[in-house]
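Participant: Residue numbers (my numbering): 619 to 926. Quick reminder that beta carbons are idealized off the backbone N, C-alpha and C, glycines included. The structure is given below, and queries will be raised subsequently.
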Amino acid sequence: MSELSVNHLLGIKYLNKKDIELIFETADHFKEVINRSIKKVPTLRDITIANIFFENSTRTKLSFELAEKRLSADVINFSASQSSVKKGETLIDTVNNILSMKVDMVVMRHPNPGAGIFLSKHVKASIINAGDGAHEHPTQALLDSYSIKEKLGDVGSKNVVIVGDILHSRVALSNIFALKLQGANVKVCGPKTLIPKYIESLGVEVETNLKKALEWCDVANMLRVQNERMDVSYFPTTREYTQQFGVNKTLLDNLNKEIVIMHPGPINRGVEITSDVADSNQSIILEQVENGVAIRMAVIYLLASKIK
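Quick look at the structure:
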């Protein structure tokens, strides 16, 4: 049986192309499972997984929990925002306490970049990074690429533009790594203040004109503006941002081709994307949500098979 080249999923930058292909093949199998009348498989009955979220997250947490339960794993949910972490307990204390409960795998979201890497060096469990600061969000990038492949047949050589707040987005960084690894052409588009200086060193072009970016691309991945990560204002007003970088139906209908619209959620309807675009037949936003469970099942299953 093929296996992953890694023991943890800390970021896309630690994976190779074969890893991504294996995850997608495994997800195909699990997608069939979750569309059956009985959606569970007994595969991970002896595995215990702890979901540790030091930042609020509804969609990612639910998606992981559903994936774990579909695989019949035992699940412990730990929300650090309401726990002893508030009393000053360190990351390592929290994790050691959880590991003393004999946990095999930890799914962690943390506000500090590199938290998952730190953890993987100090504990025996397999670590899945569910988002670390503005660093990476690997399962989101995997489900995004998987959704593109499902819709367009392939990711290689496709033109993908990521629009919006690139500076604060772990989704953007993971997507860039995943798309480049599979041979896609990637551009980013947004206000200059929200595009990091180093971005071109990743082999990505910058386009500040949204209409040009949309005319070039096959797929537009729309990111929300992450106001909660901003300590200063990066653009004058939300209205002005929407006028320059928001996608509406008129803009789409005036393109010389039909493009695919994606969004990692949660959507600020009427800001980066209007409701009629989000709900249109060009949007694969709901497919992304469904694929998220299959991809997370695949990642958990493949990492669990390496736990000795």
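(1) Can you tell me whether N714 is buried or exposed? The criterion is at least 16 other CB atoms within 10 Å of its CB, across all chains shown.
(2) Can you check whether the CB of I665 is closer than 9 Å to the CB of M723?
(3) Is it buried or exposed, M915, if we count other Cβ atoms within 10 angstroms and call 16 or more buried?
(4) Could you check which residue in S792, V804, K739 has the C-alpha nearest to that of K631?
(5) Using a 10 Å radius around the Cβ and a threshold of 16 neighbouring Cβ atoms, would you call R654 buried or exposed?
(6) Cα separation between I891 and H755?
(7) Output the distance between the C-alpha atoms of I736 and L832, rounded to the nearest integer angstrom.
(8) Suppose the cutoff is 8 Å on Cβ atoms and the five residues either side in sequence are ignored; what does the same chain contact list for G801 look like?
(9) Taking the C-alpha atoms as reference points, what is the distance between L760 and E858?
(10) Go through the segment 719–798 residue by residue and report every complete run of the alpha helix (DSSP H) that reaches 4 residues or more, in order.
(11) With which residues is D692 paired in a DSSP beta bridge?
(12) With distance defined between alpha-carbon atoms, name the residue in A752, W834, C835 nearest to P814.
(13) Within a Cβ cutoff of 7 Å, which residues of the same chain sit near L873, ignoring the five residues on either side of it in sequence?
(14) Check each candidate in A685, H786, Q900 and name the one with the smallest Cα separation from V651.
(15) Below 8 Å on the Cβ atoms is my guess for V878 versus I913; work out the distance and round it to an integer in Å.
(16) Looking at C-alpha atoms only, which residue of V804, H647, V789, R788 is the closest neighbour of V778?
(17) Please report how far the alpha carbon of Q861 lies from the alpha carbon of S697, in whole angstroms.
(18) Per DSSP, which one or two residues make a beta bridge with R887?
(19) Cutting at 6 Å between CB atoms, please list the residues of its own chain near S620, excluding the five before and the five after it.
(20) By how many angstroms is the C-alpha of A790 removed from the C-alpha of V824?
(21) When you compare only the Cα positions, how much space is there between S738 and S744?
(22) CA-CA distance, G821 and K720?
(23) Taking C-alpha atoms, which residue in R688, L785, I780 lies nearest to N839?
(24) Report the three-state DSSP secondary structure of A838 (helix, strand or coil).
(25) Could you tell me which of D871, R887, G883 sits nearest to T856, measuring between CA atoms?
(26) Against chain B, with Cβ distances strictly below 9 Å, would L640 count as a contact?
Facilitator: Checking against the coordinates, here is how it stands:
(1) exposed
(2) yes
(3) buried
(4) S792
(5) exposed
(6) 22 Å
(7) Reading off the sequence shown, one finds Phe at residue 736, where the question assumed Ile. Cα-Cα distance, rounded: 39 Å.
(8) V773, G774, S775
(9) 32 Å
(10) 733–740, 756–770
(11) T666
(12) A752
(13) L832, E833
(14) A685
(15) At roughly 18 Å, the Cβ-Cβ gap does not stay under 8 Å, so V878 and I913 are not in contact.
(16) V804
(17) 38 Å
(18) I891
(19) L640
(20) 13 Å
(21) 7 Å
(22) 42 Å
(23) I780
(24) strand
(25) R887
(26) The structure shown contains no chain B, having only a single protein chain.
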